[in-house]
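Engineer: Quick one: the structure is below, questions incoming.
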Amino acid sequence: FTLQYEMSYTNILNMLELSDIPIFSKERSDGHPFVIAGGPCAYNPEPLADIMDFFVIGEAEEAIIEVMNLYKSFKERGEKRRQRFLEEVARIPGVYVPSLYRVSYNDDGTLKDIVPEKNDILNRIQKRAIKDLDSVYYPTDFVVPYMDIVHDRAVLEIFRGCTRGCRFCQAGMIYRPVREKSADRLEKLAKDIIASTGYGEISLASLSTSDYSELKQLTEILTNEFRQCQVGLSLPSLRIDAFSLELAKKVQEIKKSGLTFAPEAGTQRLRDVINKGVTAEDLLSSVKDAFSSGWNTVKLYFMTGLPTETHEDLKGISDLAYAVVDVYRKIHGHTKGLKVNVSTSTFVPKPFTPFQWEAQITLGEIDERQKYLRSLLRKSKNISYSWHDGRLSFLEAVFSRGDRRLGQVLKIAHDKGCKFDGWNDIFSFDKWMTAFNEAGVDPEFFAYRKRTHAEFFPWDIIDPGIDKKFLLRELERSKKAEVTPDCRIRCHDCGINRLKDGDF
């Protein structure tokens, strides 16, 4: 299983049940398959620690081969004991076997420690990372579904990592260091994917697409290559300050799609708190270029509930949206056909970020802030507003910050019918709250509690290559609204060079 989103955890239990595999790892016998997980949510593996046999932490292209080679050797030796394999696989770098570790708690319910049961098991699991992305395997020949799916397009990963250092962003921390694929390699991958799938759109995927050093060259290559067969380019994750008119014109030569920008916060003060590093002028300049080039649809993504957020910051979201409408009006003399889609999600404090010590705002506060924004944004027919369900954000915070006690909650919630929780017509918050109650677990303990600097976290068993001292420095800088420059400009000693020097 790839753990992309905490609210998919009950679907894992559902799939195990449908496969007639016991939910908890301790109930599986030698005849059962091993249940493995990885992905970004595996950086806090503890909520699923009693369910998964083991986790692969970090990038798995190399690690999974080592796991499978061990498994083949295990079979060839005629080994059948499940426990023996788990003890052997735990010695592979990047592999975490929760059953081989003992968990203890303090009297106040906080986690005291996670320690290995045997001396030859690692105290912390260092993430795996790929050095050369050009040489590593990337899928180009895969099943294309007959039905419509969410990401119904070819996906071309252009680089990994991010140097921007946004303080809310887990991916920007755990995927360090930055490593790029060459334009030549990407051209070949794109040709192979389109030839084998027939997709009509290619999405250039990364955490910050416009930071790719060969982006101009790559877009020229791909648009020239696919112009005749009408395969369009999609550029997600564009930074506001890096959007250029030239790039806009290039990607719209074949197919024109909407543009998405993520200011994240409504005022410059709060953008400095989260180290976003862009200004309102950056956004308005970018949309001016886009509107002048023929675009009439823009999506703006923001977060509510960020640390130190005030009503002035919320009003800033509205002010930015109306300013975008004014830019369009000045260019065209009217706003006919213009669509400005404003979307907000609630801030979730994530592991291995400077804000991992912060608390999430309460459900009441989430509702109040969303209502306030609705009242501000409904004054223009050109602006639409959508928001993420605060109850889902609350549960996301619980499971992103929780420990092993949540395994029992998952089992009870699953038994009560909780699955496909991302679907509004199926999601049942009441069932979840009943499950927490029956398991004797207080969800607010994980979501609403501000952490002390000395607290031991469930995810401290994992070493992502980022030092906690660096995260604490960034937390203190956020309180002063001090911006930390891009790592490409100056190294801020986050600790990733230690990983790079050791494994790269």
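Sequential numbering of the sequence shown, starting at 2, is according to my numbering. Don't be surprised by glycine CBs; every beta carbon is placed ideally from N, CA and C.
1. Using three-state DSSP, classify F505 as helix, strand or coil.
2. What residues in its chain sit with their C-beta under 7 Å from that of F566, if we drop five residues either side in the sequence?
3. Among residues of its own chain, excluding the 5 on either side of Y176, which ones have a beta-carbon nearer than 6 Å to its beta-carbon?
4. Cα separation between R83 and L14?
5. Short of 7 Å in beta carbon distance, which residues of its chain neighbour A322, apart from the five on each side in sequence? Order them along the chain.
6. What first and last residue would you give for the alpha helix (DSSP H) that runs through L472?
7. Would you call the CB atoms of V399 and F447 closer than 9 Å?
8. Taking the C-alpha atoms as reference points, what is the distance between I150 and E202?
9. State the Cα-Cα distance for the pair T1 and K27, rounded to the nearest angstrom.
10. Ignoring anything shorter than 4 residues, give me the alpha helix (DSSP H) runs that lie fully in the segment 93 to 129, in order along the chain.
11. For D320, which residues of its own chain have a beta-carbon under 8 Å away from its beta-carbon, when the five flanking residues on both sides are left out?
12. Considering only the beta carbon of each residue, do I194 and A130 sit closer than 9 Å?
13. Jot down the residue ranges of each uninterrupted alpha helix (DSSP H) in the segment 399 to 448, minimum 4 residues, whole runs only, in chain order.
14. According to DSSP, simplified to helix, strand and coil, what is S376?
15. Among L473, V104, N120 and S211, which one has its Cα closest to the Cα of K113?
16. Using only the alpha-carbon positions, how far apart do R270 and E477 sit?
17. E188 and V137: beta carbons closer than 9 Å?
18. When we look at the beta-carbon of K351 and count the other beta-carbons within 10 Å, is it buried (16 or more) or exposed?
19. Do K128 and Y6 have their C-beta atoms within less than 9 Å of each other?
20. Tell me whether D31 counts as near the ligand HEM, meaning its Cβ is closer than 8 Å to at least one heavy atom of that ligand.
21. According to the Cβ coordinates, are S479 and I318 closer than 9 Å?
22. Which residue comes first and which comes last in the beta strand (DSSP E) that contains L304?
23. Taking three-plus beta-carbon pairs below 8 Å as touching, is the segment 405 to 415 in contact with the segment 433 to 447?
24. For K132, does the three-state DSSP call read helix, strand or coil?
25. According to DSSP, is N498 helix, strand or coil?
26. What is the C-beta distance between V90 and V68, in whole angstroms, given that I count them as a contact (C-beta under 8 Å)?
27. When the distance is taken between beta carbons, is Q361 closer than 9 Å to T347?
28. Which ranges does the alpha helix (DSSP H) cover as unbroken runs of at least 4 residues, wholly within the segment 333 to 379, from first to last along the chain?
29. What does the alpha-carbon distance come out to for the pair L374 and H389?
30. E62 bridges to which residues according to DSSP?
31. Where do the ends of the beta strand (DSSP E) carrying S235 lie?
32. Considering only C-alpha positions, which residue in the set S207, E215 and M304 is nearest to S235?
33. Find the nearest neighbour of R240 within the set S209, G408 and Q231, judged by alpha-carbon distance.
34. Here's a check: name, in chain order, each residue in its chain whose Cβ is nearer than 8 Å to the Cβ of V279, leaving out the five neighbours to either side.
35. Please name the residue, chosen from A50, E18 and D21, that lies closest to G403 on a Cα-to-Cα basis.
36. Give me the residue from S376, V349, V96 and K432 with the minimum Cα distance to F55.
Structural biologist: Let me spell this out:
1. Indexing the sequence shown from 1 puts residue 505 at position 504. Caution is warranted here: a pLDDT of 47 is assigned to F505, below 50, making its placement in the model unreliable, and the coordinate value is therefore given only provisionally. Three-state DSSP puts F505 in coil, outside helix and strand.
2. It is not possible to answer for residue 566, since the shown part of the chain is limited to 2 through 505.
3. On the sequence shown, position 175 is the one that residue 176 refers to. Once the five neighbours on either side are set aside, the close Cβ partners of Y176 are R161 and G162.
4. By 1-based counting over the sequence shown, the position of residue 83 is 82. By 1-based counting over the sequence shown, the position of residue 14 is 13. Computed Cα separation, rounded: 21 Å.
5. By one-based count along the sequence shown, residue 322 stands at place 321. Taken in chain order, the residues that qualify are L301, V341, V343, L378 and I384.
6. Position 471 of the sequence shown holds residue 472. Its alpha helix (DSSP H) spans residues K469 to K480.
7. On the sequence shown, residue 399 is found 398 positions in, with the first residue counted as 1. On the sequence shown, residue 447 is found 446 positions in, with the first residue counted as 1. Yes, Cβ-Cβ distance for V399 and F447 is below 9 Å.
8. Translated into the one-based positions of the sequence shown, residue 150 becomes position 149. Translated into the one-based positions of the sequence shown, residue 202 becomes position 201. Whole-angstrom Cα-Cα distance: 14 Å.
9. In the structure displayed, the chain extends from 2 to 505; residue 1 sits before or after that span and is not available.
10. none
11. Position 319 of the sequence shown holds residue 320. The residues are G267.
12. Locating residue 194 in the sequence shown gives position 193, where the first residue counts as 1. Locating residue 130 in the sequence shown gives position 129, where the first residue counts as 1. Not in contact: I194 and A130 (Cβ atoms no closer than 9 Å).
13. 407 to 416, 430 to 440 and 445 to 448
14. Position 375 of the sequence shown, counting from 1, holds the residue named residue 376. Helix at S376.
15. Residue 113 sits at position 112 when you count from the first residue of the sequence shown. Residue V104 is the option with its Cα nearest to K113.
16. Translated into positions along the sequence shown, residue 270 becomes position 269. Translated into positions along the sequence shown, residue 477 becomes position 476. When rounded, the distance between both Cα atoms is 15 Å.
17. For the purposes of this step, residue 188 is taken as the residue at position 187 of the sequence shown. For the purposes of this step, residue 137 is taken as the residue at position 136 of the sequence shown. Result no, Cβ atoms of E188 and V137 do not sit closer than 9 Å.
18. One-based indexing of the sequence shown puts residue 351 at position 350. K351 should be labelled buried.
19. Taking the first residue of the sequence shown as 1, we reach residue 128 at position 127. Taking the first residue of the sequence shown as 1, we reach residue 6 at position 5. Their beta carbons are not under 9 Å apart, which means K128 does not touch Y6 by this criterion.
20. Inclusion of the ligand HEM in the displayed structure is not the case, the ligand content being empty and no account of it being possible.
21. Taking the first residue of the sequence shown as position 1, residue 479 is located at position 478. Taking the first residue of the sequence shown as position 1, residue 318 is located at position 317. Their beta carbons are not under 9 Å apart, which means S479 does not touch I318 by this criterion.
22. Residue numbering aside, residue 304 sits at position 303 when the sequence shown is read from its first letter. The amino acid occupying residue 304 in the given sequence is Met; Leu does not appear at that position. Its beta strand (DSSP E) spans residues T298 to T305.
23. yes
24. In the sequence shown, residue 132 corresponds to position 131, counting from 1. Of the three classes helix, strand and coil, the one that applies to K132 here is coil, per DSSP.
25. As a working mapping, residue 498 is identified with position 497 in the sequence shown. Correct three-state label for N498: helix.
26. In the sequence shown, counting from the first residue as 1, residue 90 sits at position 89. In the sequence shown, counting from the first residue as 1, residue 68 sits at position 67. Confirmed, Cβ separation roughly 6 Å.
27. For this step, residue 347 is matched to residue 346 along the sequence shown. For this step, residue 361 is matched to residue 360 along the sequence shown. Cβ atoms of T347 and Q361: closer than 9 Å.
28. 364 to 378
29. Sequence index remark: in the sequence shown, residue 374 carries index 373 (1-based). Sequence index remark: in the sequence shown, residue 389 carries index 388 (1-based). Each residue's alpha carbon lies about 13 Å from the other.
30. Taking the first residue of the sequence shown as position 1, residue 62 is located at position 61. Answer by DSSP bridge pairing: none, since E62 is not bridged.
31. Position 234 of the sequence shown, counted from the start, is the residue given in the question as residue 235. Per DSSP, S235 belongs to the beta strand (DSSP E) from G233 to S235.
32. Taking the first residue of the sequence shown as position 1, residue 235 is located at position 234. When each option's Cα is compared against that of S235, the closest is S207.
33. Taking the sequence shown and counting its residues from 1, the one referred to as residue 240 is at position 239. When each option's Cα is compared against that of R240, the closest is S209.
34. Looking up residue 279 in the sequence shown gives position 278. Only R240, I241, D242, P264 and R272 meet the Cβ criterion.
35. Here the question's residue 403 lines up with position 402 in the sequence shown. Considering only alpha carbons, the answer is A50.
36. Locating residue 55 in the sequence shown gives position 54, where the first residue counts as 1. Nearest C-alpha to F55: V96.
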